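What follows is a single structure, written as structure tokens, with notes after it.
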Amino acid sequence: MKISTKGRYALRMLLELAIHKDEGFIALKEIAERQGISKKYLEQIVPLLSKSGLLKINRGYQGGYMLARTPDKYTVGEILRITEGNLAPISCLDHSPNECQRADTCMTLYVWEGLYATITEYLDGITLQDIIDHNMNENNYCI
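Take the sequence shown: its letters are residues 45 to 187, numbered as in the working numbering.
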């Protein structure tokens with residue numbers, strides 16, 4: 045499983061908003077400049093994030109974006125599922141219950157289920173606030 049540019053940029057955008065949460069609505073142009081991401085690319089990600097209720101949008105003069113919740117309420121898993129879809133390592137785990145014809149006899153299914161559970165537990169256990177706190181402790185501000 046590889047995380048696409050869309051997932052990585054969405055995470056960076058939301059981290060940028062989390063870091064600057066006390067500044068109110070932030071223009072997409074500012075986010076793009078600070079992160080070195082094309083504004084046009086961010087414009088493609090915004091509808092996914094806003095439709096999912098992760099962003100507040102203020103249109104017009106002094107418009108922009110801000111988080112809809114506090115940074116400790118956003119998990120990396122949630123953000124990646126919105127941008128990437130299912131995080132399952134193999135396609136037969138895309139649906140629950142498993143619709144694969146070989147599921148009952150598959151000798152390796154438990155391996156993939158275990159990997160999926162580990163990925164899910166790990167990514168759902170990290171919030172935007174955790175990432176900010178980690179980077180503050182490490183004096184590392186590159187997002």
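A virtual CB, placed ideally from N, CA and C, is assigned to each residue, including glycine.
Because the structure is a prediction, the values reported are computed rather than measured.
| Asked | Found |
| --- | --- |
| Could you say if the segment 134-150 and the segment 69-87 meet the contact criterion of at least three C-beta pairs nearer than 8 Å? | no |
| Would you mind listing the alpha helix (DSSP H) stretches within the segment 78-113 that are 4+ residues and don't spill past its ends, in chain order? | 83-95 |
| Short of 7 Å in beta carbon distance, which residues of its chain neighbour I175, apart from the five on each side in sequence? Order them along the chain. | L59 |
| Contact defined as beta carbons within less than 8 Å: I believe L131 pairs with M57. What is the distance between those atoms, to the nearest angstrom? | Not confirmed; about 19 Å, so no contact. |
| What are the start and end residues of the alpha helix (DSSP H) that includes A54? | 49-63 |
| From Y109, L98, Y118, pick the residue whose C-alpha is nearest to that of I70; which is it? | Y109 |
| What did DSSP end up calling I134 once you bin it into helix, strand or coil? | coil |
| Does DSSP put T162 in a helix, a strand or coil? | helix |
| V120 and I163 - do their beta-carbons sit closer together than 7 Å? | no |
| By a C-beta neighbour count over all protein chains shown, 10 Å radius and 16 as the cutoff for buried, is G129 buried or exposed? | exposed |
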